[in-house]
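The structure under discussion appears below in the form of structure tokens.
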Amino acid sequence: MLTVDFDRLGLRPGDRVLDMGCGAGRHAFEMYKRGADVTAFDQDVDELAVVSEWFTAMKEAGEVPAGAEADTLEGDALALPFADGEFDRIVAAEILEHIPADIQAIEELVRVLRPGGTLAVSVPRWLPEIINWKLSADYHNTPGGHIRIYTDAELCDKVTKAGMEFEGKDYAHGLHAPYWWIKCAVGVRNDDHPLAKAYHKLLVWEIMKNPKTLQVASKVLDQMIGKSMVLYFRKPEVAQSDAA
């Protein structure tokens with residue numbers, strides 16, 4: 001279940017890419033399959049171990065183009081252990097809403113992106129997220145949980161002030177927003193509630209079978225109530241300070 005559109009990001013085989021806050025690795029795996037040299041970065045060493053195992057399994061199964069490389073690295077988003085301009089593309093999916101010092105994290109992403117490189121940032125969309133917060137305090141009051149709700153304008157402002165050029169936005173996972181509203185209403189940990197179980201089956205059907213009816217419904221709902229918003233940026237070829 002991908003959030004980022006890699007064609008829109010401009011991903012090409014051989015690109016050096018960073019999946020910052022990779023989690024279980026869904027975006028890292030797709031970029032690896034597309035022939036990129038991937039660094040999956042996170043602070044959760046247990047998840048990184050699983051991601052590393054999947055990288056190995058994908059290569060052994062012949063699922064990645066020859067020459068593509070993938071690795072994992074544990075560290076702090078506020079002090080990325082990479083050189084300036086090291087990456088061609090960066091994905092930061094559903095991570096900034098967890099980080100108190102989000103501006104510092106954004107500045108680090110911009111620093112390690114090469115001039116002309118592209119960045120995709122996704123966070124929970126304002127309306128679906130604020131409904132979740134109002135329905136359930138447990139949804140966000142957890143260690144490492146969501147600490148802020150972004151508007152499109154706020155996130156765009158923070159990233160452009162760090163030196164990036166805004167290229168566009170999109171929304172994703174329209175079918176998933178109602179599922180989380182149900183979960184927040186009946187209890188975020190109450191997976192056995194009949195409504196939650198029934199809707200979860202619908203989402204599994206979407207992921208496994210991707211029927212035409214749900215494809216159409218998803219396209220409509222993405223724009224209306226998509227749970228995630230994705231903003232795309234490009235780093236200027238000439239630093240703004242140099243061009244002034």
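Under this note's numbering, the very last position in the sequence shown is 244; numbers go up by exactly one each time. A virtual CB, placed ideally from N, CA and C, is assigned to each residue, including glycine. Quantities reported herein were computed from a predicted structural model and do not represent experimental measurements.
Sequence-distant residues of its chain with Cβ nearer than 7 Å to residue i (five each side left out)
{"i": "R16", "result": "D37, E86, F87, D88"}
{"i": "M1", "result": "R26, I207"}
{"i": "Q223", "result": "Y171"}
{"i": "R148", "result": "E97"}
{"i": "V110", "result": "A162, G163, M164, K235"}
{"i": "W126", "result": "I149, Y150, T151"}
Closest by C-alpha distance to residue i, when choosing among the options
{"i": "G62", "options": "K134, G10, V51, Y32", "result": "Y32"}
{"i": "T160", "options": "P178, K219, R234", "result": "R234"}
{"i": "I99", "options": "T56, G144, L231, R125", "result": "G144"}
{"i": "A70", "options": "K169, L78, A57", "result": "A57"}
{"i": "A92", "options": "L9, G226, I182, G187", "result": "L9"}
{"i": "D5", "options": "N210, D44, E107, T118", "result": "T118"}
{"i": "H173", "options": "H193, E129, K134", "result": "E129"}
{"i": "G116", "options": "F166, P81, R148, S136", "result": "F166"}
{"i": "S228", "options": "E94, D84, Y199", "result": "E94"}
{"i": "T3", "options": "V238, S218, G163", "result": "S218"}
{"i": "D46", "options": "G75, V220, W205", "result": "G75"}
{"i": "D84", "options": "G187, S136, P13, R114", "result": "R114"}
{"i": "R189", "options": "D42, T142, G168", "result": "T142"}
{"i": "L135", "options": "V121, A120, I182", "result": "I182"}
{"i": "A137", "options": "I106, K169, V112, G187", "result": "G187"}
{"i": "G21", "options": "D44, F29, V230", "result": "D44"}
{"i": "G67", "options": "V112, G14, D42", "result": "G14"}
Bridge-paired residues (DSSP) for residue i
{"i": "D37", "result": "R16"}
{"i": "D152", "result": "According to DSSP, which records beta bridges pairwise, D152 is partnered with nothing at all."}
{"i": "D170", "result": "V230"}
{"i": "D42", "result": "E74"}
Residues near residue i by beta carbon distance below 8 Å, same chain, minus five either side
{"i": "L203", "result": "L175, H176, Y179"}
{"i": "L11", "result": "V17, M31, R34, A36, R89"}
{"i": "E108", "result": "A77, L78, A79, L80"}
{"i": "A257", "result": "This structure leaves residue 257 out entirely; the chain is present only between 1 and 244."}
{"i": "L231", "result": "A120, V121, S122, D152, L155, C156, V159, F166, G168, K169"}
{"i": "Y199", "result": "P178, Y179, I182"}
Residues near residue i in its chain [Cβ-Cβ closer than 6 Å; skip 5 each side]
{"i": "N132", "result": "Y139, W180, C184"}
{"i": "Y150", "result": "V123"}
{"i": "H146", "result": "E97, H140"}
{"i": "A244", "result": "Caution is warranted here: a pLDDT of 48 is assigned to A244, below 50, making its placement in the model unreliable, and the coordinate value is therefore given only provisionally. Same-chain partners within the cutoff: there are none."}
{"i": "T72", "result": "A40, L48, V51, S52"}
{"i": "F55", "result": "A70"}
Just list the beta strand (DSSP E) runs in the segment 64–148, keeping only unbroken ones of 3 residues or longer that don't cross its boundaries, in chain order. 70–74, 87–93, 113–124
Could you tell me whether the segment 99–108 touches the segment 148–168, using the rule of 3 or more Cβ pairs below 8 Å? yes
Enumerate, from N- to C-terminal direction, the unbroken beta strand (DSSP E) stretches of 3 or more residues contained entirely within the segment 156–228. 165–172
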